[in-house]
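Colleague: Residue numbers (the working numbering), protein chains in the order written: chain A, 1 to 333; chain B, 334 to 666; chain C, 667 to 990; chain D, 991 to 1314.
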Ligand SMILES: Cc1ncc(C[n+]2csc(CCOP(=O)(O)OP(=O)(O)O)c2C)c(N)n1
Ligand SMILES: Cc1ncc(C[n+]2csc(CCOP(=O)(O)OP(=O)(O)O)c2C)c(N)n1
Ligand SMILES: [Mg+2]
Ligand SMILES: [Mg+2]
């Protein structure tokens, strides 16, 4: 993050997203919102609170419980030149709209030979940690990353959430924008002036020479916490915040791996066939000769997310797990 | 494959699947079929031809065009102790039933604390190569492999198709059974007597010391063709047929990689976040110190499947691409 | 309220009342415990809707089955899951009906025919159709009942599930609990018909509107539909007009509802209505009511204690049951 | 056949006839070429259903939009995509409307308001609702029309799309082409209502059944619905009873259909009916008909030659257009 002086405000992740929506809606009257309980109620997570009174019911639209219609209608309106931002209340519900997302929105541009900018933004609330059980806690980003035609963004902090959402709204491409529910209360400094954070660029959150930790969304904090504990043990880790999962910033990630020779990917998602595997696979292809030790993944086990807080805690990646894996990698025990 | 003498018949992949269905329906009257146009018409690909007249309309059920209802009803009947086999005409249509598959069927056992054997088999027709465009040609196995609770099977030949489907029907667990549409006419020897091929076991199709090629479904033939061309160039490759994608037979795969020191995964699927990445990632973790050269993936590019035969040909993995990648790996140019 | 075309013994009537009371007291307890932050995650309580679950389920035997939603404590108790197993599940304890792995939104007990609470809107509907299919397949005259909300009638799974059951003439009864809201949105804002039952004609089946706060009416109407289902006459869609006395979930106070509306519906509280009926017909007197009430209170308190005293699941539960 | 409540000039009538003829001859050509294995993949031709696409789309301007299905050549031609661009697309050539990347099932040309052929049953329906939303959003009095089959009315996307458009009062007309079959299955086997239009009441909108082989009736009825849409009165569901003269796809001979049924419907061929009307009312004579026919034949032959002569897409197309 550049350190030049700028005027900032301290807001939470939720407000940062709301600010991005508001600024973009003000800037461009083609931008509108649709989703369940987003207007009158301001959203289940209160992200869209106040926007109805500011922009009126034609631009902040409460819909029936019909995710397929929501995404399909977003596509149709985008083809006519609007910029719909659809809210999927829990990213787990993308499953009921999967055809519209993965077969229609994602493929429209390609199948039509590039006739349209499909400027559909789908905001989806992801992640676990608050005992919402197996159908309201998933991290399903890998499904979408695996679907050509979709951009997948996973902001880890208020500033990124704002700057990346603004870029998403302007990019004229289909975007899956994953907001982690446990991050909504997270506070952080956000520039007062407009900031567009580029899609497709990772950010090095901490530099180090001994190993590379890659996280995204909630796991960036996990990595940073582990990194600071490692630091007290004399292990200097580099922490990369993915920001955008697809397109992936392979250059930054592999550059770091080639410097440190060690890689741990930390994902909240189930490890098997998850996005951590993609990063590990790229390292095993492009950076093999730099690797000093096995590539590790700290991810969820092969199971749905359990409800019981006792189990969920074991299920989630943690700084402890990352720390233990890192120590083992670097010191061999 | 063991070479002990057995009496065999030569049938195609399509018939092999039909034989498996028939044998299992005869064996166990809890087994039944449901899907679109599977009864009167015998299925779009004629897999279920003749089964209606043999088993009657209560066990071979034509349904409305309602994949969500088909899979949901399969789940409900499985909870009551039946063994439904649902046909999804093209695996691309799993997207309209994704919630039932990934949130309900896959998670039922876990969320209920193991109360039920969810014996739902979903037969889904996958794969490209016959210009069926982007919504009728996909290989979406990675979505399901990434979803804990689902077994994913990808038979590459008639014998496996029959023996694996029979095991799937008997296993009492949710199975995604991917039948590759281009393989339906493929002929092969199948034992006359009953054979159950174990789920979760890969098969070494050809032994070799110089590199390991891993394929599944249609790409096993691709690997074998490449392997025979490599052989004439003095390169001895080992070819592994995945058979089951999830649970993955890591032992066989990594054992081979540790022997050869080189790995190429060949998948029809889009490479990015595909199952090839998982295999590569496991190698980079567990077998890193054995690797003599970068782990390669020959997979589809990051794009939906194009219609035009000219483009589709470039899109698909081919023996040539595998051959070229292998030569480069082993000989360095 | 009257007992029209319904012949229930006094014992049966009292048992229905006790079930409703159990649900009410159970939910009040959950609501209070949640507010005290003693319950993890989220909960969706069903006070005010007890007449629907009890009215319908009183027609079912153990072999009949139900599916319900995240707002499913009531149906689960009515179908016969032991209160302590439900409570322990809501606390995430290993003694819960799902070993603590499902939680409030996924209460399930196959042993009593409670096929599950489905947390994805509409998802239980086709599953109930599948259970109905199994009864038809086996020539059993059992019935499957799918409970869901008014908002759920807007989702594809509703359409497909009901149509599927109609085309295959399955023994399924679809019970829509129209409590006027889907989360914070009034039904009329998101739905294109005044009565959800009007949608039945799109599937060639009967659609019936019933006063969902009158347990005897619910019983009578659902009895007809369930009898039809058992007799091979196919499905029915029943819409029960009722009211969610609390907010949507957790601590939502439901402030978006007009006071007058809340007041009117509180006056038509289903337990009050049924209690009045039982008392005025001499079926229940004050002392038997008090005895019942203290019995139920004790059951709920015991369930609570049981949940508190039970251990959390152990680590080996984390990766078990992925397949069964 | 009569021109009831419809005022079309002779020129307009002849132009409609020519459109129908174009579709027929185009589809006959495709059918023959496919049988000769000259066309890759699969095709779904629409002979017998020309009155629907032409009848409805004759009410639309270029600013109005449509979505259709894999059986979409007819709608695409009626909406104004150049025949040679459609033909070249079907051949997978770079000069096709989608550069050969979509093919027969995905014919699309935004420049004429043909938003796309959707190969997943029902998928185009909510997309049309979204286009309608954009018109309402911008206060334009355009309309969106979604074409789909009888079988499609069983899928969730139909339900959600129609309900959504009704709740939001969007300028959309839903046109169901009931050709009696979904693939190889007769409608009555998989659908719970005799008329798809009966489903309109589930969404609080008008449902109208029309003779889909009578282009003037289709024109008249859809005109009313489209006018209503433009006037902000919300959506209508129109069911056109018609017949798929060929099999479902590729070389399917459609043997599962009773001969008598096929015969009856062939007698009610929409082009024959309309031709008889035009001739008997002195609007078209033999020589003008012959001129038209040879003109259309030439257009189709030219399209075919164009497709043949065009190059396949080059390698750089493989990974381009992933985003736009
Ligand atoms: C597919 C899906 N979309 C959205 C939600 C979020 N959600 C949970 S409950 C609810 C409202 C449902 O309303 P209704 O069907 O009337 O049931 P009620 O809660 O009133 O019992 C919504 C939108 C969900 N669980 N599933
Ligand atoms: C979701 C989905 N399920 C199944 C199919 C396969 N399929 C293609 S066409 C078709 C029949 C559709 O029938 P109908 O809607 O009546 O249209 P028609 O072909 O008669 O024009 C089916 C089942 C599909 N394309 N999409
Ligand atoms: Mg409700
Ligand atoms: Mg049809």
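Ideal Cβ placement from N, Cα and C applies to all residues, glycine included.
What residues of chain C sit near residue 407/B, judged by a beta carbon separation below 7 Å?
Modeller: What residue 407/B touches in chain C: 796.
Colleague: Write down every uninterrupted run of the alpha helix (DSSP H) in the region 921 to 949 of chain C whose length is 4 residues or greater and which is fully enclosed by it, in chain order.
Modeller: With a minimum length of 4 residues, the continuous alpha helix (DSSP H) runs that stay inside the region 921 to 949 of chain C are 925 to 933, 936 to 946.
Colleague: Can residue 1234/D be considered in contact with ligand 2, in the sense that its beta carbon sits closer than 7 Å to one or more heavy atoms?
Modeller: Yes, Cβ of residue 1234/D sits closer than 7 Å to a heavy atom of ligand 2.
Colleague: Closer than 7 Å by beta-carbon distance: list the chain B residues that pair up with residue 1305/D, in chain order.
Modeller: Within 7 Å Cβ-Cβ: 647.
Colleague: Quick one: which chain C residues come within Cβ less than 9 Å of residue 130/A?
Modeller: By Cβ distance, chain C contributes 706, 707, 708.
Colleague: Let me know the secondary structure DSSP gives residue 446/B once reduced to three states.
Modeller: It is coil, neither helix nor strand.
Colleague: For residue 1138/D, does the three-state DSSP call read helix, strand or coil?
Modeller: Of the three classes helix, strand and coil, the one that applies to residue 1138/D here is strand, per DSSP.
Colleague: Can you tell me whether DSSP reads residue 519/B as helix, strand or coil?
Modeller: Looking at residue 519/B - three-state DSSP - the assignment turns out to be coil, as it is neither helix nor strand.
Colleague: Does ligand 3 have a heavy atom nearer than 7 Å to the CB of residue 850/C?
Modeller: No, since every heavy atom of ligand 3 falls outside the 7 Å radius drawn around the Cβ of residue 850/C.
Colleague: Looking at chain D, is there any beta carbon in it that lies within less than 8 Å of the beta carbon of residue 110/A?
Modeller: Closer than 8 Å: yes.
Colleague: Can residue 1144/D be considered in contact with ligand 3, in the sense that its beta carbon sits closer than 7 Å to one or more heavy atoms?
Modeller: For ligand 3, not one heavy atom lies less than 7 Å from the Cβ of residue 1144/D.
Colleague: I'd like the list of long-range same chain contacts for residue 550/B, defined as Cβ closer than 6 Å, with 5 residues on each side in sequence excluded.
Modeller: Taken in chain order, the residues that qualify are 487, 489, 513.
Colleague: Are there 16 or more other CB atoms within 10 angstroms of the CB of residue 1029/D, so buried, or fewer, so exposed?
Modeller: Counting Cβ neighbours within 10 Å, residue 1029/D comes out buried, since at least 16 surround it.
Colleague: Could you give the DSSP three-state label for residue 1084/D: helix, strand or coil?
Modeller: DSSP places residue 1084/D in coil when its eight states are reduced to three.
Colleague: Which residues of chain A have a Cβ atom closer than 7 Å to the Cβ of residue 425/B, listed in chain order?
Modeller: Per Cβ cutoff of 7 Å: 103.
Colleague: Closer than 7 Å: is that where the CB of residue 1141/D sits relative to any heavy atom of ligand 2?
Modeller: Yes.
Colleague: Going along chain C, which residues have a C-beta under 9 Å from residue 415/B?
Modeller: Per Cβ cutoff of 9 Å: 796, 799, 800, 803, 804.
Colleague: Please confirm whether any heavy atom of ligand 3 lies closer than 7 Å to the CB of residue 861/C.
Modeller: Not so, every heavy atom of ligand 3 lies at least 7 Å from the Cβ.
Colleague: Relative to the alpha-carbon of residue 728/C, which residue among 774/C, 780/C, 816/C has its alpha-carbon at the smallest distance?
Modeller: That would be 780/C, whose Cα lies nearest to the Cα of residue 728/C.
Colleague: Note down, in chain order, all residues in the region 180 to 199 of chain A with a beta-carbon under 7 Å from any beta-carbon belonging to chain B.
Modeller: Answer set for the region 180 to 199 of chain A: empty.
Colleague: Within a Cβ cutoff of 7 Å, which residues of the same chain sit near residue 322/A, ignoring the five residues on either side of it in sequence?
Modeller: The residues are 213, 222, 223, 226, 264, 266, 298.
Colleague: Could you check if residue 1169/D belongs to the surroundings of ligand 2, using beta carbon to heavy atom distance under 7 Å?
Modeller: Yes, the beta carbon of residue 1169/D sits closer than 7 Å to at least one heavy atom of ligand 2.
Colleague: I want to verify the contact list: residues of chain C whose CB lies under 9 Å from the CB of residue 1150/D, in sequence order.
Modeller: Simply 820, 821, 822, 825.
Colleague: What ranges does the alpha helix (DSSP H) occupy inside the region 578 to 663 of chain B, keeping only unbroken runs of at least 4 residues that lie completely in it?
Modeller: Runs found: 583 to 593, 608 to 619, 642 to 648.
Colleague: Which chain D residues sit within Cβ distance under 7 Å of residue 627/B?
Modeller: Simply none; closest approach about 22 Å.
Colleague: Could you give the DSSP three-state label for residue 211/A: helix, strand or coil?
Modeller: Residue 211/A falls in the strand class under three-state DSSP.
Colleague: Measure the CB-CB distance between residue 442/B and residue 451/B and report whether it falls below 8 Å.
Modeller: Cβ distance < 8 Å, so residue 442/B and residue 451/B count as in contact.
Colleague: Verify the contact flag: residue 923/C, CB atom, against every heavy atom of ligand 1, threshold strictly below 7 Å.
Modeller: No, ligand 1 has no heavy atom inside 7 Å of this Cβ.
Colleague: Beta-carbon separation of residue 792/C and residue 411/B under 8 Å?
Modeller: Contact flag unset, no.
Colleague: Compute the Euclidean distance between the alpha carbons of residue 529/B and residue 614/B, then round it to the nearest angstrom.
Modeller: Near 30 Å, if we compare the C-alpha coordinates of residue 614/B and residue 529/B.
Colleague: Given residue 517/B, which residues of its chain have a CB within under 6 Å of its CB, disregarding the five upstream and five downstream residues?
Modeller: Closer than 6 Å at Cβ, skipping near neighbours: 346, 347, 378.
Colleague: Helix, strand or coil: which one does DSSP assign to residue 158/A?
Modeller: Residue state, collapsed to three classes: helix.
Colleague: Can you confirm whether residue 376/B, when its beta carbon is compared against all beta carbons of chain C, has any partner nearer than 8 Å?
Modeller: No, residue 376/B lies away from the interface with chain C (no Cβ there is under 8 Å from its Cβ).
Colleague: Between the region 1193 to 1203 of chain D and the region 1037 to 1046 of chain D, do three or more beta carbon pairs fall short of 8 Å?
Modeller: Verdict: yes, contact present.
Colleague: Using 7 Å as the cut-off, classify the Cβ of residue 785/C as near or not near the heavy atoms of ligand 1, replying yes or no.
Modeller: Yes, Cβ of residue 785/C sits closer than 7 Å to a heavy atom of ligand 1.
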